[in-house]
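Participant: Dumping the structure here so I can ask a few things about it.
2 protein chains.
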Amino acid sequence: MITLNVDLGDRSYPIHIGSGLFADPSLLAPHIRGTQAVIVTNETVGPLYAAQVEAAIGSLGKKVSTVTLPDGESFKHWETLNRIFDALLRQGADRKTTLVALGGGVVGDMTGFAAACYMRGVPFIQIPTTLLSQVDSSVGGKTGINHPLGKNMIGAFHQPQAVIADIDTLKTLPPRELAAGMAEVIKHGAIADADYFAWIEENIGALNACDPELMALAVKRSCEIKANVVAQDEREQGLRATLNFGHTFGHAIEAGMGYGEWLHGEAVGCGMVMAASLSERLGFIDVETRARLAALVRAAQLPVVAPDLGEARYIELMKVDKKAEAGSIKFILLRKLGEAFVTTVPDADLHATLQRAVIHPPAEPDVA
Amino acid sequence: MITLNVDLGDRSYPIHIGSGLFADPSLLAPHIRGTQAVIVTNETVGPLYAAQVEAAIGSLGKKVSTVTLPDGESFKHWETLNRIFDALLRQGADRKTTLVALGGGVVGDMTGFAAACYMRGVPFIQIPTTLLSQVDSSVGGKTGINHPLGKNMIGAFHQPQAVIADIDTLKTLPPRELAAGMAEVIKHGAIADADYFAWIEENIGALNACDPELMALAVKRSCEIKANVVAQDEREQGLRATLNFGHTFGHAIEAGMGYGEWLHGEAVGCGMVMAASLSERLGFIDVETRARLAALVRAAQLPVVAPDLGEARYIELMKVDKKAEAGSIKFILLRKLGEAFVTTVPDADLHATLQRAVIHPPAEPDVA
Numbered sequence: 001m002i003t004l005n006v007d008l009g010d011r012s013y014p015i016h017i018g019s020g021l022f023a024d025p026s027l028l029a030p031h032i033r034g035t036q037a038v039i040v041t042n043e044t045v046g047p048l049y050a051a052q053v054e055a056a057i058g059s060l061g062k063k064v065s066t067v068t069l070p071d072g073e074s075f076k077h078w079e080t081l082n083r084i085f086d087a088l089l090r091q092g093a094d095r096k097t098t099l100v101a102l103g104g105g106v107v108g109d110m111t112g113f114a115a116a117c118y119m120r121g122v123p124f125i126q127i128p129t130t131l132l133s134q135v136d137s138s139v140g141g142k143t144g145i146n147h148p149l150g151k152n153m154i155g156a157f158h159q160p161q162a163v164i165a166d167i168d169t170l171k172t173l174p175p176r177e178l179a180a181g182m183a184e185v186i187k188h189g190a191i192a193d194a195d196y197f198a199w200i201e202e203n204i205g206a207l208n209a210c211d212p213e214l215m216a217l218a219v220k221r222s223c224e225i226k227a228n229v230v231a232q233d234e235r236e237q238g239l240r241a242t243l244n245f246g247h248t249f250g251h252a253i254e255a256g257m258g259y260g261e262w263l264h265g266e267a268v269g270c271g272m273v274m275a276a277s278l279s280e281r282l283g284f285i286d287v288e289t290r291a292r293l294a295a296l297v298r299a300a301q302l303p304v305v306a307p308d309l310g311e312a313r314y315i316e317l318m319k320v321d322k323k324a325e326a327g328s329i330k331f332i333l334l335r336k337l338g339e340a341f342v343t344t345v346p347d348a349d350l351h352a353t354l355q356r357a358v359i360h361p362p363a364e365p366d367v368a
Numbered sequence: 369m370i371t372l373n374v375d376l377g378d379r380s381y382p383i384h385i386g387s388g389l390f391a392d393p394s395l396l397a398p399h400i401r402g403t404q405a406v407i408v409t410n411e412t413v414g415p416l417y418a419a420q421v422e423a424a425i426g427s428l429g430k431k432v433s434t435v436t437l438p439d440g441e442s443f444k445h446w447e448t449l450n451r452i453f454d455a456l457l458r459q460g461a462d463r464k465t466t467l468v469a470l471g472g473g474v475v476g477d478m479t480g481f482a483a484a485c486y487m488r489g490v491p492f493i494q495i496p497t498t499l500l501s502q503v504d505s506s507v508g509g510k511t512g513i514n515h516p517l518g519k520n521m522i523g524a525f526h527q528p529q530a531v532i533a534d535i536d537t538l539k540t541l542p543p544r545e546l547a548a549g550m551a552e553v554i555k556h557g558a559i560a561d562a563d564y565f566a567w568i569e570e571n572i573g574a575l576n577a578c579d580p581e582l583m584a585l586a587v588k589r590s591c592e593i594k595a596n597v598v599a600q601d602e603r604e605q606g607l608r609a610t611l612n613f614g615h616t617f618g619h620a621i622e623a624g625m626g627y628g629e630w631l632h633g634e635a636v637g638c639g640m641v642m643a644a645s646l647s648e649r650l651g652f653i654d655v656e657t658r659a660r661l662a663a664l665v666r667a668a669q670l671p672v673v674a675p676d677l678g679e680a681r682y683i684e685l686m687k688v689d690k691k692a693e694a695g696s697i698k699f700i701l702l703r704k705l706g707e708a709f710v711t712t713v714p715d716a717d718l719h720a721t722l723q724r725a726v727i728h729p730p731a732e733p734d735v736a
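Chains as they are written, first to last, in the working numbering: chain A, 1 to 368; chain B, 369 to 736.
See below:
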């Protein structure tokens with residue numbers, strides 16, 4: 001087991017990464033200080049793992065129960081969140097009750113938001129069971145739900161007590177979900193560590209096959225990068241926004257196609273190719289860098305051609321992005337491989353990028 | 369104008385108290401840093417004041433719009449909150465948009481919670497227009513909505529940028545609402561300042577008549593007491609819980625009767641009499657102190673006889689109070705006039721208190 005620390009003063013917490021961890025009572029014990037815990041999971045993950053987590057918490061002498069939500073991004077809204085509140089109140093959950101998020105990013109975001117709001121804040125533990133949530137969404141305290149008019153529009157910053165990333169849970173992950181997680185892994189290399197990016201390129205075959213040793217290394221390095229960024233900028237005043245590389249376009253794809261149609265990671269993968277294309281068009285990166293990124297996204301079995309929502313719809317959707325200010329859309333671009341920055345862009349370049357993105361990206365420079 | 373400061377480090381903010389303040393652009397200007405503001409009000413307060421606040425914000429060169437909610441505690445739930453989110457998204461509100469809560473406690477709590485959650489947090493200003501919200505709910509950053517199973521169960525701590533308490537707005541307040549606010553004024557004297565309590569006793573007639581000078585003094589002293597408690601214990605780890613004097617019983621009355629049937633302040637007034645009765649029964653205060661409190665609550669035109677919900681229902685409702693831990697109910701009792709503390713109580717004393725509370729409280733000691 002590797003343990004990293006997210007350094008946030010009195011809100012600091014450990015990330016445990018390894019095998020055989022998710023139902024280890026010794027990892028849960030320090031973080032369940034009241035008399036009960038409530039596990040929140042979904043109907044896919046629950047049948048696989050919830051009984052073991054319940055048993056582990058029960059062995060600590062704590063009262064425990066499980067809430068099972070429907071599975072998928074399309075359920076990440078108020079009505080589902082309210083099922084958590086209903087369960088907490090029916091169980092007599094008090095201010096010291098610990099919530100345990102057992103599942104992927106949707107379960108983690110909703111459980112975290114429920115923990116942020118229930119009685120104005122209770123503790124919670126993240127047990128991410130997908131690659132995407134292990135390398136990205138479980139770390140950093142961003143929680144929330146979607147609104148019909150925008151993704152993650154309603155939420156809170158609420159840090160977990162601990163993150164327990166068990167590589168074993170990735171074995172049962174469908175290939176499409178694994179690929180979606182790889183999008184965030186590639187993102188970490190692209191925005192923060194060119195060597196890591198090269199390592200992913202070299203090992204993409206074994207990573208696609210979910211090689212446990214390589215996957216543990218990827219989870220560790222991605223969590224390090226994320227934890228480092230979050231420690232420097234918890235509330236996204238600056239640096240943290242670079243973690244949204246690919247997300248401005250990606251969120252528009254997800255919302256435009258209807259939540260759940262494209263997986264978040266698929267939209268981010270394609271969104272990164274679009275952002276790299278825009279970076280090239282504006283002269284920040286060369287054609288080789290863009291081509292490397294597109295090739296790696298493709299090698300990770302992720303889409304590189306954007307859905308044709310129409311330019312106007314893309315722009316409308318991107319304007320409700322949380323990074324937008326006074327109606328002007330902010331983009332995360334690459335200055336080089338391993339370094340990203342936040343900027344606005346000229347309308348003409350954005351239009352050209354959107355036009356090109358819906359066509360299979362050619363190898364030549366993206367300056368048409 | 370008097371200006372107090374709520375001392376919370378980088379979350380500190382001013383409370384301005386006086387006449388002719390609510391539409392003063394110079395008070396609003398420092399707190400609207402983005403390009404737009406959205407006023408949230410209700411259908412009672414909006415027609416009286418919203419146009420003036422809109423004009424004041426407009427005069428600062430900011431885009432401004434107004435969301436009007438239905439009036440009353442019975443609407444303090446998710447569906448109404450979501451009307452604020454809908455409006456913000458339709459207006460293209462970004463992370464720098466300032467929300468302005470123009471109304472009483474319900475508007476303030478919901479607007480504050482919307483500000484806490486919209487894009488994971490935007491700034492907001494409180495312009496409380498009821499006595500209750502001026503002396504209590506607008507100060508301290510508690511925000512939230514009700515759940516059918518419990519009051520204020522879903523919420524956040526989110527401090528405003530400023531509180532603008534304009535005494536002029538109390539002139540249009542119905543007498544019942546004014547009395548409800550007096551409950552919190554009396555509470556502040558009872559838990560923190562015996563001299564203030566005596567001053568309220570002396571001036572209750574003029575306060576009931578909403579004498580502007582006396583009312584300004586009451587708002588000032590109550591805000592001082594509240595600000596002082598909040599500065600010491602923002603997240604209610606200890607001392608702040610004493611501000612809930614009368615609220616354990618009061619919340620049960622509100623929920624048991626159906627939200628909106630009893631005003632919050634009416635339930636708190638009656639709840640304080642019940643808590644004083646329990647304090648006397650347990651030997652902390654003498655019969656004279658209990659009688660003074662009951663007499664002042666009655667003099668403020670507030671109910672002193674509890675509704676007969678049945679003991680079992682009271683206890684069921686009190687167990688979902690946020691202060692409860694592991695099913696045991698916490699009460700705020702008086703040690704003496706001007707000093708309160710948090711405790712659990714023996715079941716027998718609670719039962720006896722509930723039995724006596726539904727009968728007009730007699731003058732003799734409460735130890736039957």
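Just so you know, even glycine gets a beta-carbon here, dropped at the ideal spot from N, CA and C.
With a threshold of 8 angstroms between beta carbons, is A/F249 in contact with chain B?
Facilitator: Taking Cβ atoms only, chain B never reaches closer than 8 angstroms to A/F249, which makes this a no.
Participant: Which stretch, first to last residue, makes up the alpha helix (DSSP H) that contains A/H351?
Facilitator: Note, A/H351: alpha helix (DSSP H), D347 to A357.
Participant: Return yes when the Cβ of A/A340 is within less than 8 angstroms of the Cβ of A/T242, no when it is not.
Facilitator: Yes, these two residues count as a Cβ contact at 8 angstroms.
Participant: Indicate whether at least one CB of chain A lies closer than 8 angstroms to the CB of B/E602.
Facilitator: Taking Cβ atoms only, chain A never reaches closer than 8 angstroms to B/E602, which makes this a no.
Participant: Does any residue of chain A bring its CB to less than 8 angstroms from the CB of B/H399?
Facilitator: Answer no: the Cβ-Cβ gap between B/H399 and chain A never drops below 8 angstroms.
Participant: For A/G260, I'd like the list of residues in its chain whose CB is within less than 6 angstroms of its CB, leaving aside the five on either flank, ordered along the chain.
Facilitator: Cβ within range, chain order: G72, E73 and S74.
Participant: Helix, strand or coil for A/L60? Go by DSSP, reduced to three states.
Facilitator: In this structure, A/L60 counts as coil in the three-state DSSP scheme.
Participant: Against A/E316, what residues of chain B qualify as contacts under a CB-to-CB distance less than 8 angstroms, listed in chain order?
Facilitator: What A/E316 touches in chain B: nothing, since even the nearest Cβ is about 10 angstroms away.
Participant: Buried or exposed: which applies to A/A368, given that a residue is buried once 16 or more other Cβ atoms fall within 10 Å of its Cβ?
Facilitator: Residue placement at A/A368 is poorly supported in this model, since its pLDDT is 49, which falls under 50; the coordinates still yield a value, given next. With fewer than 16 Cβ atoms within 10 Å of its Cβ, A/A368 is classed as exposed.
Participant: Give the DSSP-derived three-state secondary structure of A/L27 in the structure shown.
Facilitator: Here A/L27 sits in helix by DSSP.
Participant: Indicate the three-state DSSP secondary structure (helix, strand or coil) for B/I370 in the structure shown.
Facilitator: If DSSP states are grouped into helix, strand and coil, B/I370 belongs with the strands.
Participant: Count the other CB atoms, across all protein chains shown, that sit within 10 Å of the CB of B/A716; report buried if there are 16 or more and exposed otherwise.
Facilitator: Under this definition B/A716 is an exposed residue.
Participant: Would you tell me roughly how many angstroms separate the C-alpha atoms of A/L27 and A/G20, rounded to the nearest one?
Facilitator: When rounded, the distance between both Cα atoms is 11 angstroms.
Participant: For chain A, find out if any of its Cβ atoms is closer than 8 angstroms to the Cβ of B/C485; answer yes or no.
Facilitator: Taking Cβ atoms only, chain A reaches closer than 8 angstroms to B/C485, which makes this a yes.
Participant: Checking contacts by CB at 8 angstroms: is A/A190 closer than that to chain B?
Facilitator: Not one chain B Cβ lies under 8 angstroms of A/A190.
Participant: Cβ atoms of B/V468 and B/K408: under 8 angstroms apart, would you say?
Facilitator: Lys is not the amino acid found at residue 408 of chain B; the sequence shown has Val there. Contact flag set, yes.
Participant: Going along the chain, which residues of its own chain have a beta-carbon closer than 6 angstroms to the beta-carbon of B/R379, five neighbours each way excluded?
Facilitator: Same-chain partners within the cutoff: Q527.
Participant: For A/D109, go through chain B and note every residue whose CB falls closer than 9 angstroms to its CB, in chain order.
Facilitator: What A/D109 touches in chain B: nothing, since even the nearest Cβ is about 11 angstroms away.
Participant: What residues from chain B crowd round A/E254, counting only those whose CB sits closer than 8 angstroms?
Facilitator: In chain order: nothing, as chain B lies at least about 16 angstroms away.
Participant: Check distances from the C-beta atoms of the segment 559-576 of chain B to those of chain A and list, in chain order, the residues that come in under 9 angstroms.
Facilitator: From the segment 559-576 of chain B, no residue has a Cβ closer than 9 angstroms to chain A.
Participant: Do you know offhand how far B/D536's Cα is from A/V67's?
Facilitator: In a straight line, the C-alpha of B/D536 is about 50 angstroms away from that of A/V67.
Participant: For a contact meaning CB atoms closer than 8 angstroms, what does B/K738 contact in chain A?
Facilitator: Lying before the first or after the last residue shown, residue 738 of chain B is absent from chain B, which here runs from 369 to 736.
Participant: With a threshold of 8 angstroms between beta-carbons, can A/G144 be considered close to chain B, or not?
Facilitator: Taking Cβ atoms only, chain B reaches closer than 8 angstroms to A/G144, which makes this a yes.
Participant: Comparing the C-beta of B/A405 with each C-beta of chain A, is any distance below 8 angstroms?
Facilitator: Chain A contact via Cβ: absent.
Participant: By the three-class DSSP mapping on this structure, what secondary structure does B/K704 have?
Facilitator: Here B/K704 sits in strand by DSSP.
Participant: Should B/G508 be flagged as near chain A, meaning a C-beta pair shorter than 8 angstroms?
Facilitator: No, B/G508 lies away from the interface with chain A (no Cβ there is under 8 angstroms from its Cβ).
Participant: Using the three-state DSSP reduction, which class does B/T409 fall into: helix, strand or coil?
Facilitator: Strand, per DSSP.
Participant: According to DSSP, is A/I35 part of a helix, a strand, or is it coil?
Facilitator: The sequence shown places Thr at residue 35 of chain A, not Ile. The answer is coil: DSSP assigns A/T35 none of H, G, I, E or B.
Participant: If we ignore side chains and look at the alpha-carbon of each, how far apart do B/I383 and A/I164 end up?
Facilitator: B/I383 and A/I164: Cα-Cα distance of roughly 44 angstroms.
Participant: Buried or exposed: where does B/A423 fall if 16 or more other Cβ atoms within 10 Å of its Cβ makes it buried?
Facilitator: When all chains shown are included, B/A423 counts as exposed.
Participant: Quick one: is B/E552 buried, meaning 16 or more other Cβ sit within 10 Å of its Cβ, or exposed?
Facilitator: B/E552 comes out buried.
Participant: Grab the span of the alpha helix (DSSP H) containing A/G9 for me, first residue to last.
Facilitator: That residue, A/G9, is in no alpha helix (DSSP H); it is neither H nor E in DSSP.
Participant: Per the contact definition of three or more C-beta pairs closer than 8 angstroms, is the segment 141-155 of chain A in contact with the segment 475-493 of chain B?
Facilitator: Taking 8 angstroms as the limit for Cβ pairs, the verdict is that the segment 141-155 of chain A does touch the segment 475-493 of chain B.
Participant: Are the C-beta atoms of B/A736 and some chain A residue less than 8 angstroms apart?
Facilitator: Bear in mind that a pLDDT of 49 at B/A736, under 50, signals an unreliable position, so the number given afterwards is only what the model happens to contain. Not an interface residue.
Participant: Please decide whether B/L517 counts as near chain A, where near means a Cβ-Cβ distance under 8 angstroms.
Facilitator: Closer than 8 angstroms to some Cβ of chain A, the Cβ of B/L517 qualifies, so yes.
Participant: If you drop the 5 nearest sequence neighbours on each side, which residues of the same chain put their C-beta closer than 8 angstroms to that of B/H719?
Facilitator: Only E679 meet the Cβ criterion.
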